[in-house]
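Take a look at the structure below.
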Amino acid sequence: MAYGKHTKKQNGKKLSGKAGALLISLLLIFTVTVSGTMAFLVTNTGGLTNTFTPSHVSCGVTESFDGTTKSNVNVTNTGDIDAYIRVKLVSYRVNDDGQHIGGIARVPDFMPGNGWVKKGDYYYYTAPVASGAQPKTGLIDSIDLTDSYSDPDGGKQVIEVMAEAIQAEGVDADGMKAVVKAWGVDPETLS
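To convert a position in the sequence shown, counted from 1, into the working numbering, add 363.
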């Protein structure tokens with residue numbers, strides 16, 4: 364019978380009992396440490412708060428009206444981001460009680476302010492308008508409405524100024540500007 368060290372062969376290398384025990388101990392410590400850290404993080408880490416705030420796009424019409432003359436017509440960007448602005452003028456007749464009646468009521472001819480261009484039924488301001496600002500020049504300086512029609516329909520003229528705004532920034536996956544996708548027009552290319 365031979366006396367001596369007891370060794371075990373593993374992968375062609377001799378591994379002593381102490382080295383094997385040390386390796387197993389280190390693996391056990393590593394496993395416990397990683398498992399404990401993961402358990403701590405899962406149970407003690409609070410949720411994340413989404414800090415994304417969407418933009419708000421809106422506009423409001425400003426104008427003066429003395430009963431027969433509409434003046435200083437402009438649009439304010441009331442949103443929180445730069446926006447393109449367009450305006451549609453809708454004219455119709457009303458009776459003395461303010462009720463819509465028949466008859467044609469055309470928008471009188473006027474010269475749009477500098478930077479405004481008519482395309483189709485809309486007047487477009489050709490540059491983005493900053494949040495809280497207005498175009499540098501108003502759409503209408505002054506326009507006289509028909510106070511009384513002499514045809515059988517009668518009545519007096521009303522012109523409603525309907526404004527729209529759209530975010531100036533942003534393109535879709537194909538590189539198309541949001542304004543072009545929504546309105547079919549790039550106001551900066553109009554002249």
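Beta carbons: idealized from backbone N, C-alpha and C, even for Gly.
Would you kindly report the start and end of the unbroken alpha helix (DSSP H) that includes residue i?
i	result
residue 452	Run containing residue 452: none in the alpha helix (DSSP H); it sits in the beta strand (DSSP E), 446 to 457.
residue 413	Counting along the chain, residue 413 falls outside any alpha helix (DSSP H), and DSSP gives it neither H nor E.
Give the DSSP-derived three-state secondary structure of residue i in the structure shown.
i	result
residue 426	strand
residue 506	strand
residue 464	strand
residue 489	coil
residue 364	With a pLDDT of only 47 at residue 364, under 50, the local geometry of the prediction cannot be trusted, and no value is derived from it.
residue 381	helix
residue 470	coil
residue 338	Not covered by the structure: residue 338. The range shown for the chain is 364 to 554.
residue 390	helix
residue 402	helix
residue 340	Because the chain is modelled from 364 through 554, residue 340 falls outside the range shown and cannot be assessed.
residue 621	Here the chain comprises residues numbered 364 to 554, so residue 621 is not present and cannot be evaluated.
residue 500	coil
residue 515	coil
To the nearest angstrom, how far is the alpha carbon of residue i from that of residue j?
i	j	result
residue 440	residue 467	32 angstroms
residue 510	residue 495	34 angstroms
residue 318	residue 502	There is simply no residue 318 to check, as the chain begins at 364 and stops at 554 in what is shown.
residue 533	residue 484	25 angstroms
residue 521	residue 438	18 angstroms
residue 489	residue 435	18 angstroms
residue 535	residue 460	48 angstroms
residue 400	residue 389	16 angstroms
residue 382	residue 397	22 angstroms
residue 524	residue 410	48 angstroms
residue 555	residue 429	The displayed coordinates of the chain run from 364 to 554. Any statement about residue 555 would go beyond what the structure contains.
residue 539	residue 547	10 angstroms
residue 512	residue 417	48 angstroms
residue 364	residue 379	Low confidence applies to residue 364: its pLDDT is 47, below 50, so where it sits in the model is not reliable enough to give any reading.
residue 551	residue 453	24 angstroms
residue 517	residue 486	29 angstroms
From what residue to what residue does the beta strand (DSSP E) around residue i run?
i	result
residue 528	519 to 530
residue 436	432 to 440
residue 544	It is not in any beta strand (DSSP E) - residue 544 instead sits in the alpha helix (DSSP H) that spans 541 to 546.
residue 481	479 to 482
So residue i and residue j are supposed to be a Cβ contact under 8 angstroms. How far apart are they, rounded?
i	j	result
residue 420	residue 442	4 angstroms
residue 543	residue 549	5 angstroms
residue 424	residue 526	5 angstroms
residue 553	residue 480	4 angstroms
residue 412	residue 507	Contact doesn't hold; Cβ gap of about 56 angstroms is too wide.
Exercise. Can we say the region 526 to 544 touches the region 439 to 459, given the rule of at least three CB pairs closer than 8 angstroms?
Worked result: yes
Problem set entry | Given 8 angstroms, three or more beta-carbon pairs between the region 455 to 475 and the region 400 to 408 | no
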